[in-house]
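If you use the working numbering, the sequence shown corresponds to residues 3 to 77, in order. Backbone N, C-alpha and C define an ideal beta-carbon position, used for all residues, glycine too. Only a predicted model underlies this, so the values are computations on that prediction, with no experimental measurement involved.
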Amino acid sequence: LAPVWASLLGSRFATHSTEGKSRKHGDARAMLIELDAAGATAYPLDDLIPMNASPRTNRFKPTTLKDLVTEAPWT
3 LAPVWASLLG SRFATHSTEG KSRKHGDARA MLIELDAAGA TAYPLDDLIP MNASPRTNRF
63 KPTTLKDLVT EAPWT
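Rendered as structure tokens:
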């Protein structure tokens, strides 16, 4: 995980980009700390929350090609 830490510490990795990304901790930084302490060499993919999941429920909302090309109306 050393390259990950180097990238993390050398970037503008802020709270808004880490919260709601880990199923176990919510904040992916807490998971990175746990993994580093355990000597892990990879991040467990099953811990990651999909980008288009609801932040409140962490449930995945499927994205279809139609969703990607159809503009949603302003509400």
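Query	Result
Alpha carbon to alpha carbon, how far is A30 from A4? Give it in angstroms, no decimals.	16 Å
Can you check which of these residues, E36, A44, T20, is closest to I51 by C-alpha distance?	T20
For V6 and D38, I'd like the C-alpha separation in whole angstroms.	10 Å
Sort out for me which residues DSSP pairs S24 with in a bridge.	G28, L50
May I have the straight-line CA-CA distance separating A40 from P46, to the nearest angstrom?	13 Å
Find the nearest neighbour of D48 within the set A8, S9, S24, judged by alpha-carbon distance.	S24
Beta-carbon within less than 8 Å of G28's beta-carbon, same chain only, minus the 5 sequence neighbours each way: which residues are those?	E21, G22
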